[in-house]
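Here's the structure, in structure tokens; my notes come after.
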Amino acid sequence: REAMAEALNSLDSVLGQTHKIIIDNKEVSTTNIHERYNPSNTQQLVGKVMMANNDIAEQAVQSAKTAFKKWRNKPVEDRAQVLEKLANLIERDRFLLSAIEVAEVGKTWHEADGDICEAIDFCRYYAQDMRRLGQAQRVGHAKGETSYYHYQPRGVSLVIAPWNFPLAILCGMTTASMVTGNTVVMKPAEQSSITASYLMQLLMEAGCPPGVVNFLPGLGEEVGEYLTSHKDIDLIAFTGSKQVGLNIVAKTGQIQPDQRY
Numbered sequence: 044r045e046a047m048a049e050a051l052n053s054l055d056s057v058l059g060q061t062h063k064i065i066i067d068n069k070e071v072s073t074t075n076i077h078e079r080y081n082p083s084n085t086q087q088l089v090g091k092v093m094m095a096n097n098d099i100a101e102q103a104v105q106s107a108k109t110a111f112k113k114w115r116n117k118p119v120e121d122r123a124q125v126l127e128k129l130a131n132l133i134e135r136d137r138f139l140l141s142a143i144e145v146a147e148v149g150k151t152w153h154e155a156d157g158d159i160c161e162a163i164d165f166c167r168y169y170a171q172d173m174r175r176l177g178q179a180q181r182v183g184h185a186k187g188e189t190s191y192y193h194y195q196p197r198g199v200s201l202v203i204a205p206w207n208f209p210l211a212i213l214c215g216m217t218t219a220s221m222v223t224g225n226t227v228v229m230k231p232a233e234q235s236s237i238t239a240s241y242l243m244q245l246l247m248e249a250g251c252p253p254g255v256v257n258f259l260p261g262l263g264e265e266v267g268e269y270l271t272s273h274k275d276i277d278l279i280a281f282t283g284s285k286q287v288g289l290n291i292v293a294k295t296g297q298i299q300p301d302q303r304y
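In my numbering, the protein residues as written are 44 to 304.
Have a look at this one:
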């Protein structure tokens, strides 16, 4: 409780900052800026978020597509270690991240802390389980034949997350995609893009190579619509409303020209 209160009292040092799009581990600026105010204190500016358009979304997809060529061949142990480093960094910043959630989306202390701790658990669980899945599995026992089953990454993963668990769900879907050898276009909810920005910073600090995860805040009605029907998006990890989910299912059921499937 003391650590949480201290983090809340020191929030002034990070409030009001501008959070940029990050593609290929480089900041990308835009003139479309979304201001986020504390929902329980509407005079408090939590921060400003630069919002992507479709041209910037295309850059993110191409960055992830290029990075996939190398990342898919990274040893499982290397990928797992990035997740474990990320878990340690989130744990280091546990109370700061909790305080940011309180300010940005109105989480209670308890709920914010639970969300941060769940993100840590996701990282460690997926790292551990990928070590198991990364081992070739013997299948069949036909005489004179030795067959093994190998899991292969699909390609570019589009991660679309909700605002109500702003770190845990976003982190879980992103790290699951990463550790399995896929690369990511990470589109958080508009209401929780500042929390997502901190996740991206920690991913880079953990050693996530350029292009493996691209941070793309933007409007779902614009970049979300563009990306869900993009020919170079190979899989989608989505958590959100039934209506949006069914729309994604309908759109992804339409094969685009030159799409790999």
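Backbone N, C-alpha and C fix where the C-beta goes; we use that ideal spot for every residue, glycine too.
Keep in mind it's a predicted model, so treat the numbers as computed, not measured.
Applying the criterion that 16 or more other CB atoms from any shown protein chain within 10 Å of the CB defines a buried residue, is residue i buried or exposed?
i    : result
L210 : buried
E144 : buried
G215 : buried
V182 : exposed
E147 : buried
K63  : buried
A179 : exposed
T18  : Not covered by the structure: residue 18. The range shown for the chain is 44 to 304.
D121 : exposed
L289 : exposed
I276 : buried
Y194 : exposed
Based on the DSSP secondary-structure assignment, which residues constitute the bridge partners of residue i?
i    : result
K91  : T61 and E78
Y168 : Y168 pairs with nothing; no bridge assigned.
Q180 : Y192
E70  : I65
N84  : N81
I203 : K230 and F281
F208 : Answer is none; F208 lacks a bridge partner.
N257 : V228
Is the Cβ-Cβ distance between residue i and residue j less than 8 Å?
i    : j    : result
L51  : Q87  : no
V115 : G224 : Sequence inspection shows Arg at residue 115; the Val mentioned does not correspond to that position. Result yes, Cβ atoms of R115 and G224 sit closer than 8 Å.
V119 : G198 : no
A46  : F138 : yes
L213 : L132 : no
Q102 : I159 : no
E265 : N81  : no
T74  : I99  : no
L126 : C166 : yes
K174 : A123 : Correcting the residue type first, residue 174 is Arg in the shown sequence and not Lys. Taking 8 Å as the Cβ cut-off, R174 and A123 qualify as a contacting pair.
S200 : A280 : yes
T282 : V256 : no
Determine the closest residue to residue i out of the options, with distance taken between C-alpha atoms.
i    : options                : result
T238 : A107, P260 and R174    : P260
H184 : L289, Y192 and G177    : Y192
I76  : T85, T61, D67 and Q244 : T61
I163 : E188, Y269 and L129    : L129
A48  : V125, V92 and W152     : W152
F258 : M93, D55, F111 and R44 : M93
G254 : D55, V104, S53 and L54 : V104
Y169 : M221, A155 and Q195    : M221
S106 : L54, V71, V89 and V292 : V71
Taking residue i and residue j to be in contact with their CB atoms under 8 Å, please state how far apart those CB atoms are, rounded to whole angstroms.
i    : j    : result
L270 : V228 : 6 Å
K230 : G267 : 6 Å
Q316 : S272 : This structure does not reach residue 316, given that the chain is present from 44 up to 304, and the question cannot be answered.
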